[in-house]
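Student: Position 136, counted from 1, in the sequence shown is what the numbering used here calls 442; the numbers after and before it change by one each time, with no gaps.
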Amino acid sequence: GRHLEGAIWFSILLNLKHIFLYISPAYFIYLLKHYCFTKSDDQHKKVETPLLRQFRVDRFLLLGTLVLTVFILSFGPFVTMGQLGQVLSRLFPFKRGLCHAYWAPNFWALYNVIDKTLAIIATRLGYTLSITGSMTSGLVGEMSHQVLPSVPPIVTLILTLLTMIPPLLKLWFSKSSSQDFIKVIVLCAYSSFLFGWHVHEKAVLMITIPMSLLALEDKKFTRIYLLLSAIGHISLFPLLYTAAETLIKVCLYALFTISSFFALPLLTLDNAKEDKKKTSKPNPTHSWLLSFPALSTTDKNKEVANVLTDVREILDDPSVRVDATDKDGMTGLMHAAFGGNVKLCKLLIEKGADVNSNLHSQGVRDDTDQKSVVMSL
(Lines of atoms letter the chains of each structure in order from A and count residues from 1; the text may use other names and numbers.)
(Lines give C-alpha, C1' and ligand atoms only; values in the text may rest on other atoms or scores of the structure.)
Protein backbone atom coordinates (compact mmCIF):
# COMPACT_ATOMS: atom_id res chain seq x y z
CA GLY A 1 0.00 0.00 0.00
CA ARG A 2 3.03 2.35 0.15
CA HIS A 3 3.07 3.00 -3.59
CA LEU A 4 4.28 6.59 -3.48
CA GLU A 5 7.21 5.73 -1.23
CA GLY A 6 8.10 2.86 -3.52
CA ALA A 7 7.99 5.14 -6.56
CA ILE A 8 10.26 7.70 -4.92
CA TRP A 9 12.83 5.17 -3.75
CA PHE A 10 12.91 3.41 -7.11
CA SER A 11 13.37 6.76 -8.87
CA ILE A 12 16.31 7.52 -6.59
CA LEU A 13 17.72 4.06 -7.25
CA LEU A 14 17.35 4.55 -11.01
CA ASN A 15 19.20 7.85 -10.86
CA LEU A 16 22.00 6.32 -8.80
CA LYS A 17 22.47 3.43 -11.25
CA HIS A 18 20.75 3.56 -14.63
CA ILE A 19 21.02 -0.21 -15.13
CA PHE A 20 17.79 -0.42 -13.14
CA LEU A 21 16.11 0.94 -16.25
CA TYR A 22 15.92 -2.75 -17.21
CA ILE A 23 13.18 -3.39 -14.65
CA SER A 24 11.46 0.01 -14.78
CA PRO A 25 8.63 -1.24 -17.07
CA ALA A 26 7.57 -3.67 -14.32
CA TYR A 27 7.44 -0.86 -11.75
CA PHE A 28 5.55 1.41 -14.14
CA ILE A 29 2.85 -1.18 -14.90
CA TYR A 30 2.52 -2.20 -11.26
CA LEU A 31 2.16 1.36 -9.97
CA LEU A 32 -0.15 2.38 -12.80
CA LYS A 33 -2.45 -0.55 -12.12
CA HIS A 34 -2.47 -0.59 -8.33
CA TYR A 35 -2.27 3.12 -7.57
CA CYS A 36 -3.75 5.00 -10.54
CA PHE A 37 -6.67 2.63 -11.15
CA THR A 38 -9.10 2.10 -8.28
CA LYS A 39 -12.22 0.05 -7.82
CA SER A 40 -15.55 1.59 -8.68
CA ASP A 41 -18.05 2.72 -6.04
CA ASP A 42 -19.88 -0.59 -6.39
CA GLN A 43 -18.01 -2.57 -3.78
CA HIS A 44 -20.07 -5.70 -4.50
CA LYS A 45 -18.76 -5.88 -8.04
CA LYS A 46 -15.62 -7.96 -8.37
CA VAL A 47 -13.20 -5.97 -10.49
CA GLU A 48 -9.96 -7.61 -11.60
CA THR A 49 -8.72 -5.81 -14.71
CA PRO A 50 -7.70 -2.12 -14.66
CA LEU A 51 -9.76 -1.46 -17.79
CA LEU A 52 -12.89 -2.00 -15.69
CA ARG A 53 -11.67 0.23 -12.89
CA GLN A 54 -11.81 3.97 -12.42
CA PHE A 55 -8.75 5.89 -13.59
CA ARG A 56 -7.66 8.43 -10.97
CA VAL A 57 -6.15 11.41 -12.76
CA ASP A 58 -5.21 13.04 -9.46
CA ARG A 59 -3.22 9.99 -8.39
CA PHE A 60 -1.51 9.76 -11.78
CA LEU A 61 -0.46 13.41 -11.60
CA LEU A 62 0.78 13.03 -8.02
CA LEU A 63 2.78 9.96 -8.91
CA GLY A 64 4.25 11.63 -11.99
CA THR A 65 5.11 14.78 -10.05
CA LEU A 66 7.03 12.88 -7.38
CA VAL A 67 8.99 10.86 -9.95
CA LEU A 68 9.68 13.94 -12.08
CA THR A 69 10.89 15.85 -9.02
CA VAL A 70 13.55 13.21 -8.35
CA PHE A 71 14.76 13.43 -11.96
CA ILE A 72 14.83 17.24 -11.88
CA LEU A 73 16.93 17.25 -8.73
CA SER A 74 19.26 14.69 -10.28
CA PHE A 75 19.67 16.14 -13.79
CA GLY A 76 19.00 19.80 -13.00
CA PRO A 77 22.64 20.77 -12.29
CA PHE A 78 23.81 19.20 -15.57
CA VAL A 79 21.09 21.05 -17.50
CA THR A 80 22.11 24.41 -16.01
CA MET A 81 25.75 23.74 -16.95
CA GLY A 82 24.82 22.64 -20.47
CA GLN A 83 26.25 19.15 -19.90
CA LEU A 84 23.07 17.08 -20.30
CA GLY A 85 24.18 15.78 -23.69
CA GLN A 86 27.46 14.53 -22.25
CA VAL A 87 25.63 12.74 -19.45
CA LEU A 88 23.18 11.05 -21.81
CA SER A 89 25.95 9.97 -24.20
CA ARG A 90 27.61 8.13 -21.33
CA LEU A 91 24.40 6.67 -19.95
CA PHE A 92 23.43 5.28 -23.35
CA PRO A 93 26.70 4.35 -25.13
CA PHE A 94 25.35 3.58 -28.59
CA LYS A 95 28.79 4.19 -30.13
CA ARG A 96 30.49 1.60 -27.94
CA GLY A 97 29.25 -1.34 -29.97
CA LEU A 98 26.77 -4.17 -29.63
CA CYS A 99 28.76 -6.00 -26.98
CA HIS A 100 30.96 -4.96 -24.11
CA ALA A 101 34.72 -5.64 -24.37
CA TYR A 102 34.07 -8.64 -22.13
CA TRP A 103 30.96 -10.25 -23.55
CA ALA A 104 27.97 -10.89 -21.36
CA PRO A 105 26.70 -14.48 -21.87
CA ASN A 106 23.61 -13.45 -23.82
CA PHE A 107 22.03 -13.88 -27.25
CA TRP A 108 24.47 -11.53 -28.95
CA ALA A 109 27.43 -13.51 -27.67
CA LEU A 110 26.03 -16.52 -29.51
CA TYR A 111 25.40 -14.32 -32.54
CA ASN A 112 29.04 -13.21 -32.52
CA VAL A 113 30.28 -16.78 -32.18
CA ILE A 114 28.19 -17.89 -35.14
CA ASP A 115 29.47 -14.96 -37.19
CA LYS A 116 33.08 -15.76 -36.28
CA THR A 117 32.59 -19.45 -37.10
CA LEU A 118 31.05 -18.66 -40.48
CA ALA A 119 33.89 -16.24 -41.21
CA ILE A 120 36.50 -18.91 -40.51
CA ILE A 121 34.67 -21.43 -42.69
CA ALA A 122 34.30 -18.90 -45.50
CA THR A 123 38.00 -18.02 -45.37
CA ARG A 124 39.04 -21.67 -45.55
CA LEU A 125 36.73 -22.18 -48.51
CA GLY A 126 38.56 -19.42 -50.34
CA TYR A 127 36.07 -16.58 -49.93
CA THR A 128 37.42 -13.08 -49.38
CA LEU A 129 35.68 -11.07 -46.68
CA SER A 130 35.57 -7.32 -47.05
CA ILE A 131 35.32 -6.79 -43.29
CA THR A 132 38.34 -7.83 -41.27
CA GLY A 133 37.44 -6.27 -37.90
CA SER A 134 37.23 -8.66 -34.97
CA MET A 135 34.49 -8.79 -32.37
CA THR A 136 36.94 -10.62 -30.12
CA SER A 137 39.65 -7.97 -30.08
CA GLY A 138 38.73 -6.86 -26.57
CA LEU A 139 38.39 -3.24 -27.72
CA VAL A 140 35.37 -1.06 -26.98
CA GLY A 141 33.85 0.45 -30.10
CA GLU A 142 31.58 -0.13 -33.05
CA MET A 143 32.37 -3.38 -34.83
CA SER A 144 30.75 -4.88 -37.91
CA HIS A 145 30.02 -8.54 -38.31
CA GLN A 146 31.85 -10.31 -41.11
CA VAL A 147 29.13 -12.64 -42.41
CA LEU A 148 25.91 -12.06 -40.49
CA PRO A 149 24.11 -8.70 -40.71
CA SER A 150 25.34 -6.12 -38.23
CA VAL A 151 22.81 -5.31 -35.51
CA PRO A 152 21.78 -1.67 -34.93
CA PRO A 153 20.55 -0.44 -31.51
CA ILE A 154 16.93 -0.23 -32.67
CA VAL A 155 16.85 -3.99 -33.30
CA THR A 156 18.02 -4.74 -29.76
CA LEU A 157 15.39 -2.36 -28.39
CA ILE A 158 12.59 -4.00 -30.37
CA LEU A 159 13.61 -7.52 -29.33
CA THR A 160 13.89 -6.45 -25.70
CA LEU A 161 10.45 -4.85 -25.67
CA LEU A 162 8.84 -7.76 -27.52
CA THR A 163 10.08 -10.24 -24.94
CA MET A 164 8.92 -7.98 -22.10
CA ILE A 165 5.36 -7.58 -23.39
CA PRO A 166 3.96 -11.02 -22.35
CA PRO A 167 4.89 -10.77 -18.64
CA LEU A 168 3.85 -7.11 -18.53
CA LEU A 169 0.45 -7.99 -20.00
CA LYS A 170 0.12 -10.77 -17.45
CA LEU A 171 0.89 -8.31 -14.66
CA TRP A 172 -1.60 -5.78 -16.07
CA PHE A 173 -4.62 -8.04 -16.63
CA SER A 174 -4.31 -10.66 -13.91
CA LYS A 175 -4.95 -10.41 -10.20
CA SER A 176 -1.29 -9.99 -9.35
CA SER A 177 0.43 -10.65 -6.03
CA SER A 178 3.80 -9.53 -4.72
CA GLN A 179 5.29 -12.79 -6.00
CA ASP A 180 3.91 -12.09 -9.48
CA PHE A 181 5.54 -8.66 -9.36
CA ILE A 182 8.92 -10.23 -8.56
CA LYS A 183 8.46 -12.68 -11.43
CA VAL A 184 7.91 -9.82 -13.87
CA ILE A 185 10.96 -7.98 -12.50
CA VAL A 186 13.05 -11.09 -13.16
CA LEU A 187 11.67 -11.51 -16.67
CA CYS A 188 12.20 -7.85 -17.58
CA ALA A 189 15.79 -8.04 -16.34
CA TYR A 190 16.24 -11.28 -18.27
CA SER A 191 14.88 -9.75 -21.49
CA SER A 192 17.22 -6.77 -21.19
CA PHE A 193 20.18 -9.00 -20.41
CA LEU A 194 19.55 -11.33 -23.35
CA PHE A 195 18.79 -8.77 -26.06
CA GLY A 196 19.99 -5.39 -24.77
CA TRP A 197 22.63 -3.17 -26.38
CA HIS A 198 26.13 -3.19 -24.88
CA VAL A 199 25.10 -5.28 -21.88
CA HIS A 200 27.63 -5.61 -19.08
CA GLU A 201 28.34 -9.07 -17.69
CA LYS A 202 27.47 -7.98 -14.13
CA ALA A 203 23.89 -7.29 -15.27
CA VAL A 204 23.20 -10.98 -14.60
CA LEU A 205 22.93 -9.99 -10.92
CA MET A 206 19.77 -8.10 -11.85
CA ILE A 207 18.28 -11.53 -12.52
CA THR A 208 19.82 -13.73 -9.85
CA ILE A 209 19.18 -11.46 -6.85
CA PRO A 210 15.37 -11.11 -7.21
CA MET A 211 15.25 -14.71 -8.42
CA SER A 212 16.64 -15.80 -5.05
CA LEU A 213 13.41 -14.54 -3.42
CA LEU A 214 11.34 -16.77 -5.68
CA ALA A 215 13.67 -19.70 -5.04
CA LEU A 216 12.67 -19.63 -1.37
CA GLU A 217 8.97 -19.89 -2.18
CA ASP A 218 8.67 -22.55 -4.86
CA LYS A 219 10.82 -25.56 -5.68
CA LYS A 220 10.41 -25.06 -9.44
CA PHE A 221 12.07 -21.65 -9.08
CA THR A 222 14.70 -23.20 -6.82
CA ARG A 223 15.89 -25.46 -9.65
CA ILE A 224 16.02 -22.55 -12.09
CA TYR A 225 17.83 -20.33 -9.64
CA LEU A 226 20.49 -22.91 -8.80
CA LEU A 227 21.35 -23.40 -12.46
CA LEU A 228 21.17 -19.69 -13.27
CA SER A 229 23.29 -18.56 -10.34
CA ALA A 230 25.91 -21.26 -10.87
CA ILE A 231 26.44 -20.24 -14.50
CA GLY A 232 25.89 -16.52 -13.97
CA HIS A 233 28.43 -16.23 -11.17
CA ILE A 234 31.03 -18.14 -13.17
CA SER A 235 30.64 -15.55 -15.92
CA LEU A 236 31.72 -12.85 -13.45
CA PHE A 237 35.10 -14.45 -12.73
CA PRO A 238 37.07 -12.33 -15.25
CA LEU A 239 36.08 -9.20 -13.31
CA LEU A 240 38.40 -10.40 -10.54
CA TYR A 241 41.42 -11.07 -12.70
CA THR A 242 44.49 -10.73 -10.49
CA ALA A 243 46.33 -13.77 -9.19
CA ALA A 244 45.75 -12.71 -5.58
CA GLU A 245 41.97 -12.84 -6.11
CA THR A 246 41.82 -16.25 -7.78
CA LEU A 247 41.79 -18.43 -4.66
CA ILE A 248 39.33 -16.13 -2.89
CA LYS A 249 36.80 -16.04 -5.74
CA VAL A 250 36.97 -19.79 -6.36
CA CYS A 251 36.51 -20.64 -2.68
CA LEU A 252 33.64 -18.17 -2.21
CA TYR A 253 31.94 -19.41 -5.37
CA ALA A 254 32.28 -23.06 -4.32
CA LEU A 255 31.05 -22.36 -0.79
CA PHE A 256 28.03 -20.36 -1.95
CA THR A 257 27.06 -22.77 -4.72
CA ILE A 258 27.39 -25.95 -2.63
CA SER A 259 25.51 -24.44 0.33
CA SER A 260 22.76 -23.22 -2.02
CA PHE A 261 22.32 -26.64 -3.59
CA PHE A 262 21.93 -28.24 -0.16
CA ALA A 263 20.12 -25.53 1.83
CA LEU A 264 17.68 -23.99 -0.65
CA PRO A 265 15.59 -27.15 -1.25
CA LEU A 266 15.20 -27.58 2.51
CA LEU A 267 14.23 -23.94 3.04
CA THR A 268 11.75 -24.12 0.17
CA LEU A 269 10.14 -27.22 1.68
CA ASP A 270 9.78 -25.53 5.08
CA ASN A 271 8.26 -22.41 3.52
CA ALA A 272 5.83 -24.51 1.51
CA LYS A 273 4.63 -26.28 4.67
CA GLU A 274 4.25 -22.96 6.49
CA ASP A 275 2.31 -21.43 3.59
CA LYS A 276 0.02 -24.44 3.49
CA LYS A 277 -0.80 -23.94 7.16
CA LYS A 278 -1.53 -20.24 6.61
CA THR A 279 -3.56 -20.60 3.45
CA SER A 280 -5.41 -23.84 4.13
CA LYS A 281 -9.13 -23.24 4.44
CA PRO A 282 -11.72 -25.40 6.12
CA ASN A 283 -13.38 -27.98 3.93
CA PRO A 284 -16.45 -26.12 2.56
CA THR A 285 -18.68 -29.11 3.23
CA HIS A 286 -17.77 -28.99 6.92
CA SER A 287 -17.98 -25.21 7.38
CA TRP A 288 -21.28 -25.75 9.18
CA LEU A 289 -19.26 -27.14 12.09
CA LEU A 290 -18.32 -23.60 13.08
CA SER A 291 -21.90 -22.76 14.02
CA PHE A 292 -23.23 -26.15 15.12
CA PRO A 293 -22.26 -25.94 18.82
CA ALA A 294 -24.06 -22.59 19.14
CA LEU A 295 -27.25 -24.13 17.70
CA SER A 296 -27.15 -27.10 20.03
CA THR A 297 -29.87 -26.98 22.68
CA THR A 298 -30.61 -30.55 23.71
CA ASP A 299 -28.24 -32.64 25.79
CA LYS A 300 -27.86 -35.07 22.88
CA ASN A 301 -26.93 -32.28 20.47
CA LYS A 302 -24.42 -30.94 22.99
CA GLU A 303 -22.86 -34.39 23.10
CA VAL A 304 -22.69 -34.45 19.31
CA ALA A 305 -21.18 -30.97 19.33
CA ASN A 306 -18.45 -32.14 21.67
CA VAL A 307 -17.66 -35.05 19.36
CA LEU A 308 -17.48 -32.81 16.30
CA THR A 309 -15.38 -30.23 18.14
CA ASP A 310 -12.85 -32.88 19.08
CA VAL A 311 -12.40 -33.98 15.46
CA ARG A 312 -12.86 -30.61 13.76
CA GLU A 313 -9.17 -30.43 12.82
CA ILE A 314 -9.53 -33.75 10.99
CA LEU A 315 -12.73 -32.74 9.24
CA ASP A 316 -11.34 -29.35 8.17
CA ASP A 317 -8.31 -30.92 6.52
CA PRO A 318 -8.66 -30.13 2.76
CA SER A 319 -7.23 -33.55 1.93
CA VAL A 320 -10.20 -35.30 3.57
CA ARG A 321 -12.61 -36.55 0.92
CA VAL A 322 -15.93 -34.69 1.03
CA ASP A 323 -19.09 -36.63 1.91
CA ALA A 324 -21.59 -37.51 -0.79
CA THR A 325 -24.59 -35.17 -0.55
CA ASP A 326 -28.27 -35.87 -1.04
CA LYS A 327 -30.81 -33.85 -3.02
CA ASP A 328 -31.06 -31.32 -0.19
CA GLY A 329 -27.30 -30.76 -0.21
CA MET A 330 -26.93 -32.55 3.11
CA THR A 331 -24.24 -35.10 3.89
CA GLY A 332 -24.64 -38.14 6.07
CA LEU A 333 -22.55 -36.53 8.78
CA MET A 334 -24.78 -33.44 8.71
CA HIS A 335 -27.92 -35.56 9.09
CA ALA A 336 -26.36 -37.50 11.93
CA ALA A 337 -25.16 -34.35 13.68
CA PHE A 338 -28.39 -32.37 13.44
CA GLY A 339 -30.32 -35.51 14.35
CA GLY A 340 -28.31 -35.83 17.54
CA ASN A 341 -26.99 -39.28 16.56
CA VAL A 342 -23.71 -39.51 18.46
CA LYS A 343 -23.14 -43.14 17.53
CA LEU A 344 -23.43 -42.57 13.79
CA CYS A 345 -21.32 -39.42 13.97
CA LYS A 346 -18.52 -41.39 15.59
CA LEU A 347 -18.92 -44.18 13.03
CA LEU A 348 -18.73 -41.83 10.04
CA ILE A 349 -15.74 -40.00 11.48
CA GLU A 350 -13.89 -43.21 12.23
CA LYS A 351 -14.62 -44.84 8.85
CA GLY A 352 -13.85 -41.75 6.77
CA ALA A 353 -15.66 -39.20 4.66
CA ASP A 354 -17.41 -41.56 2.22
CA VAL A 355 -20.82 -41.70 3.83
CA ASN A 356 -22.33 -43.99 1.16
CA SER A 357 -20.06 -46.94 1.97
CA ASN A 358 -20.98 -46.72 5.65
CA LEU A 359 -24.71 -46.35 5.14
CA HIS A 360 -24.87 -48.95 2.37
CA SER A 361 -23.45 -51.46 4.80
CA GLN A 362 -26.60 -50.83 6.87
CA GLY A 363 -28.87 -51.47 3.89
CA VAL A 364 -29.56 -47.81 3.05
CA ARG A 365 -29.82 -47.36 -0.76
CA ASP A 366 -31.26 -43.92 -1.55
CA ASP A 367 -31.36 -40.37 -0.23
CA THR A 368 -34.81 -40.68 1.37
CA ASP A 369 -33.92 -43.84 3.28
CA GLN A 370 -30.57 -42.37 4.22
CA LYS A 371 -32.21 -39.34 5.79
CA SER A 372 -34.92 -41.29 7.57
CA VAL A 373 -32.51 -43.88 8.93
CA VAL A 374 -30.08 -41.22 10.12
CA MET A 375 -32.80 -39.15 11.76
CA SER A 376 -34.40 -42.14 13.48
CA LEU A 377 -31.27 -43.72 14.92
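Even for Gly, the Cβ is constructed at its ideal location relative to N, Cα and C.
Do you know how far the Cα of Ser436 is from the Cα of Thr429?
Tutor: Going by the C-alpha atoms only, they are around 11 Å apart.
Student: Taking a contact to mean a Cβ-Cβ separation below 8 Å, would you say Cys494 touches Pro383 in this structure?
Tutor: Taking 8 Å as the Cβ cut-off, Cys494 and Pro383 do not qualify as a contacting pair.
Student: Does DSSP put Thr434 in a helix, a strand or coil?
Tutor: If DSSP states are grouped into helix, strand and coil, Thr434 belongs with coil.
Student: Between which two residues does the alpha helix (DSSP H) containing Ile471 stretch?
Tutor: It spans Pro459 to Phe479 - the alpha helix (DSSP H) in which Ile471 sits, taken as one unbroken run.
Student: When DSSP labels each residue in this structure, what does Val453 get in the three-state scheme?
Tutor: Three-state result, Val453: coil.
Student: Can you tell me which of Asn321, Leu337, Leu390 and Trp414 puts its alpha carbon nearest to the alpha carbon of Ser483?
Tutor: If we check each option's Cα against that of Ser483, Leu337 comes out closest.
Student: For Asp364, count neighbouring C-beta atoms within 10 Å of its own C-beta (all shown protein chains included) and say buried if the count is 16 or more, exposed if not.
Tutor: By the 10 Å Cβ count, Asp364 comes out exposed.
Student: DSSP puts Thr344 in a beta bridge; with which residues?
Tutor: Gln360, per the DSSP bridge assignment.
Student: Thinking C-alpha only, which one of Arg402, Leu379, Ser456 and Phe398 is nearest Ile420?
Tutor: Considering only alpha carbons, the answer is Ser456.
Student: Name the residue from Tyr408, Cys557 and Leu561 whose alpha carbon lies nearest to the alpha carbon of Lys508.
Tutor: The shortest Cα separation from Lys508 among Tyr408, Cys557 and Leu561 belongs to Tyr408.
Student: What runs of the alpha helix (DSSP H), each 4 residues or longer, lie entirely inside the segment 507-579?
Tutor: For the segment 507-579, whole alpha helix (DSSP H) runs of length 4 or above, ordered along the chain, are 511-521 and 525-540.
Student: Excluding five sequence neighbours on each side, which residues of the same chain lie with their C-beta closer than 8 Å to the C-beta of Val492?
Tutor: Ile513, Pro516, Met517 and Leu520, listed in sequence order.
Student: Is it right to say Met640 is buried, meaning 16 or more other beta carbons lie within 10 angstroms of its own, or is it exposed?
Tutor: Counting Cβ neighbours within 10 Å, Met640 comes out buried, since at least 16 surround it.
Student: Applying the 10 Å Cβ sphere with the 16-neighbour rule, what's the burial state of Ala313?
Tutor: When all chains shown are included, Ala313 counts as buried.
Student: Closer than 8 Å is the cut-off here; do at least three beta carbon pairs connect the segment 316-333 with the segment 494-504?
Tutor: At 8 Å Cβ cutoff, the stretches touch.
Student: Contact check, Phe499 vs Thr462 under 8 Å by CB: the rounded distance?
Tutor: Contact doesn't hold; Cβ gap of about 11 Å is too wide.
Student: With 16 as the cutoff for other CB atoms within 10 Å, does Ile335 come out buried or exposed?
Tutor: It counts as buried.
Student: Beta-carbon separation of Ala410 and Gln452 under 8 Å?
Tutor: Not closer than 8 Å, so no.
Student: Does the separation of the CB atoms of Cys342 and His504 fall below 8 Å?
Tutor: No, the Cβ-Cβ distance between Cys342 and His504 is not below 8 Å.
Student: For Val610, count neighbouring C-beta atoms within 10 Å of its own C-beta (all shown protein chains included) and say buried if the count is 16 or more, exposed if not.
Tutor: Label assigned to Val610: buried.
Student: Residues in its own chain within less than 6 Å of Gly538 by CB, not counting five upstream and five downstream?
Tutor: Only Val510 and Thr514 meet the Cβ criterion.
Student: Per DSSP, Cys405 is paired with what?
Tutor: Note: Cys405 sits in a beta bridge opposite Val505.
Student: Go through its chain and collect everything with a Cβ distance to Leu319's Cβ below 8 Å, but skip five positions before and after it.
Tutor: So the qualifying residues of the chain are Phe326.
Student: Does DSSP put Asn412 in a helix, a strand or coil?
Tutor: In this structure, Asn412 counts as coil in the three-state DSSP scheme.
Student: Taking the alpha-carbon of His324 as reference, which of Lys649, Phe398, Ile460 and Cys651 has the nearest alpha-carbon?
Tutor: Of Lys649, Phe398, Ile460 and Cys651, the residue nearest in Cα terms is Phe398.
Student: What three-state label does DSSP hand Lys323 in the structure shown?
Tutor: The answer is coil: DSSP assigns Lys323 none of H, G, I, E or B.
Student: Just confirm the distance between the C-beta atoms of Leu533 and Leu570, as a whole number of angstroms; I'd bet it's less than 8 Å.
Tutor: The Cβ separation is near 12 Å, so there is no contact.
Student: Taking C-beta to C-beta, are Ser566 and Ser535 nearer than 8 Å?
Tutor: Their beta carbons are under 8 Å apart, which means Ser566 touches Ser535 by this criterion.
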